[in-house]
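Engineer: Under the working numbering, think of the first position of the sequence shown as 4, with each following residue one higher.
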Amino acid sequence: MITRFAPSPTGPLHLGHAYSALLAHDMARAAGGAFHLRIEDTDTERCRPEWEALIFEDMEWLGLTWEQPVLRQSEHLDSYNATLLRLADRGLLYPCSCSRSAIRAAMSAPQEGVPAAESYPGTCRPRPMSDRKPGDALRLNMAKAVARTGPMTFTETGPKHAATHRVDPDRLVAEIGDAVLGRKEIETVSYVLAAVIDDAGQGMTDIIRGEDLWQITFLQVLLQNLLDLPTPRYHHHVLIRDETGKRLAKRDDARAIRTYRDNGASPEDIRRMVGL
Ligand code: GLU
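Below, the structure written as structure tokens:
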């Protein structure tokens, strides 16, 4: 088993991250496998070196060990862009001058489900790549993409959706639609694409992560298919929620691992709090 914890350094790690990291680490150790830490810092506007430093401190404090070297995505932008251009050369991408917030959203992992396909009306779909203007996003033409793939399946072992799932092309078109994959002029790729490239490049056999990334898995399996990359096994774990049932957010400093550390909690206390 080769698995990873892949945080984005956009804020302090909280109990939800601790659960994800501990679970992936424990599952890898139990299987005699490898556990990686990957820094997903392609969103240069939101990622900060101080948050990255805190990730290492928190992980060490939790008693975790991981493979070296640590992959930092910001050091591999050229290779992500080469992949993006390969998709463009196959006629699968088009430039889109959609709103900044849509582009912004694609740069990081979705937090509460993926943006619905119907929220994008397809205005720019007929535009050729040669018409690309500064500031344009690059969108995947989903209808064309699904026409280029064979049957797609993946295995999920998490508590909620455990089964072998078929990726239905019609649902990809209707529910995910023309996803934003990049933003060429500032050399930034979306979270979905960078993660797919690295999961394959690092030989991940198992992706262990929060249930908030369940829906995006269907898009990631499609991208693996388009790029001839292997599909790993997936395990989406339950999310750690606050007393009101809300998913913990990065700005929720009260549940930051650092705050527990500063208040004298032990790594065992954290394990207990997340139910491990
Ligand atoms: N970087 C993503 C996040 O912080 C995790 C992506 C993944 O595990 O696939 O939510």
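Ideal placement from N, C-alpha and C gives every residue a C-beta, glycine not left out.
(1) Does the region 173-187 come close enough to the region 139-152 that 3 or more CB-CB pairs lie under 8 Å?
(2) For a test of your reading of the model: does the CB of L40 fall under 7 Å from any non-hydrogen atom of ligand 1? Yes or no.
(3) In its own chain, which residues sit with a C-beta less than 8 Å from the C-beta of I260, not counting the 5 before and 5 after it?
(4) Taking the CB atoms as reference points, tell me whether W217 and H239 lie closer together than 8 Å.
(5) Using 7 Å as the cut-off, classify the Cβ of P10 as near or not near the heavy atoms of ligand 1, replying yes or no.
(6) Note down the Cα distance separating L251 from A257, rounded to an integer number of angstroms.
(7) Counting C-beta neighbours from all protein chains within 10 Å, is the total for P154 16 or more, i.e. buried, or is it exposed?
(8) In or out: R169 buried (at least 16 other Cβ within 10 Å) or exposed?
(9) Within the same chain, show all residues whose beta-carbon is closer than 7 Å to that of M207, passing over the 5 residues directly before and after it, in chain order.
(10) Assign A24 to one of two classes, buried (16 or more other C-beta atoms within 10 Å of its C-beta) or exposed (fewer than that).
(11) Output yes or no for whether 8 Å exceeds the beta carbon distance between R49 and S111.
(12) Going by Cα to Cα distance, which pick from Q205, I219, I200 and G180 is closest to F157?
(13) Compute the minimum distance between the beta carbon of Y237 and the heavy atoms of ligand 1, and state whether it is under 7 Å.
(14) Run the proximity test for L25: is its beta-carbon closer than 7 Å to any non-hydrogen atom belonging to ligand 1?
(15) Please list the segments of the alpha helix (DSSP H) lying wholly inside the region 75-106, counting only runs of 4 or more residues, in order along the chain.
(16) Locate the alpha helix (DSSP H) running through T220, then write down its first and last residues.
(17) Does DSSP put Y237 in a helix, in a strand, or in coil?
(18) Quick one: what's G185 bridged to in DSSP?
(19) Return the CA-CA distance between L96 and L184, expressed in angstroms with no decimal places.
(20) Just to confirm, does R212 get its C-beta within under 7 Å of one of the non-hydrogen atoms of ligand 1?
(21) Compute the Euclidean distance between the alpha carbons of L90 and T247, then round it to the nearest angstrom.
(22) Short of 6 Å in beta carbon distance, which residues of its chain neighbour R135, apart from the five on each side in sequence? Order them along the chain.
(23) Buried or exposed: which applies to D46, given that a residue is buried once 16 or more other Cβ atoms fall within 10 Å of its Cβ?
(24) Which of the three DSSP states, helix, strand or coil, is assigned to D209?
(25) Smallest Cα separation from T13: which of E55, D29, G36 and F38?
(26) Which residue from H39, R41, L67 and A27 puts its Cα closest to that of E271?
(27) Regarding L216 and ligand 1, is the C-beta to nearest heavy atom distance less than 7 Å?
(28) Taking the continuous beta strand (DSSP E) assigned at L40, which residues delimit it?
Structural biologist: For this structure:
(1) Yes, the region 139-152 touches the region 173-187.
(2) The residue given as residue 40 occupies position 37 in the sequence shown. Checking the Cβ of L40 against ligand 1 gives no.
(3) Translated into positions along the sequence shown, residue 260 becomes position 257. So the list reads P15, L16, H17, L18, H20, A21, D61, W64, L65 and I273, once near-sequence residues are dropped.
(4) By 1-based counting over the sequence shown, the position of residue 217 is 214. By 1-based counting over the sequence shown, the position of residue 239 is 236. Annotated as proximal: W217 and H239, with beta-carbon spacing under 8 Å.
(5) Taking the first residue of the sequence shown as position 1, residue 10 is located at position 7. Taken from the Cβ of P10, at least one heavy atom of ligand 1 lies inside 7 Å.
(6) To locate residue 251, count along the sequence shown from 1; it is residue 248. To locate residue 257, count along the sequence shown from 1; it is residue 254. In a straight line, the C-alpha of L251 is about 10 Å away from that of A257.
(7) On the sequence shown, position 151 is the one that residue 154 refers to. Exposed is the call here.
(8) Start at 1 with the first residue of the sequence shown, and residue 169 comes out as number 166. Its Cβ having fewer than 16 others within 10 Å, R169 is exposed.
(9) Taking the first residue of the sequence shown as 1, we reach residue 207 at position 204. Excluding the 5 residues flanking it on each side, M207 has same chain C-beta neighbours closer than 7 Å at I5, T6, R7 and P235, in chain order.
(10) Translated into positions along the sequence shown, residue 24 becomes position 21. Residue environment for A24: buried (at least 16 other C-beta atoms within 10 angstroms of its C-beta).
(11) Against the sequence shown, residue 49 aligns to sequence position 46. Against the sequence shown, residue 111 aligns to sequence position 108. Against a cut-off of 8 Å, the Cβ pair of S111 and R49 comes out as a contact.
(12) Position 154 of the sequence shown, counted from the first residue, corresponds to residue 157. For F157, the closest C-alpha among the options Q205, I219, I200 and G180 is that of I219.
(13) Mapped onto the sequence shown, residue 237 falls at position 234. No - ligand 1 has no heavy atom lying nearer than 7 Å to the Cβ of Y237.
(14) The sequence position of residue 25 within the sequence shown is 22, counting from 1. No.
(15) Segments of the alpha helix (DSSP H) lying fully in the region 75-106: 80-92.
(16) For the purposes of this step, residue 220 is identified with residue 217 of the sequence shown, where counting begins at 1. For T220, the enclosing alpha helix (DSSP H) covers residues I219 to L229.
(17) The residue you call residue 237 lines up with position 234 of the sequence shown. Reduced to three states, the DSSP call for Y237 is strand.
(18) Counting from 1 along the sequence shown, the entry for residue 185 is found at position 182. For G185, which the question treats as bridged, DSSP gives the partners L141 and V192.
(19) Residue numbering aside, residue 96 sits at position 93 when the sequence shown is read from its first letter. Residue numbering aside, residue 184 sits at position 181 when the sequence shown is read from its first letter. Cα to Cα, L96 sits roughly 8 Å from L184.
(20) Your numbering for residue 212 matches position 209 in the sequence shown. Within the cutoff, so yes.
(21) Against the sequence shown, residue 90 aligns to sequence position 87. Against the sequence shown, residue 247 aligns to sequence position 244. Taking the straight line from one Cα to the other gives about 43 Å.
(22) One-based indexing of the sequence shown puts residue 135 at position 132. Excluding sequence neighbours, R135 sits near P98.
(23) Numbered from its first residue, the sequence shown carries residue 46 at position 43. Per the 10 Å Cβ criterion, buried.
(24) Start at 1 with the first residue of the sequence shown, and residue 209 comes out as number 206. D209 falls in the strand class under three-state DSSP.
(25) For the purposes of this step, residue 13 is identified with residue 10 of the sequence shown, where counting begins at 1. Among E55, D29, G36 and F38, the Cα nearest to that of T13 belongs to E55.
(26) If you number the sequence shown from 1, residue 271 lands on position 268. When each option's Cα is compared against that of E271, the closest is L67.
(27) Residue numbering aside, residue 216 sits at position 213 when the sequence shown is read from its first letter. Flag set: Cβ of L216 near ligand 1.
(28) Position 37 of the sequence shown, counted from the first residue, corresponds to residue 40. Secondary structure note for L40: its beta strand (DSSP E) is the uninterrupted segment A37 to I42.
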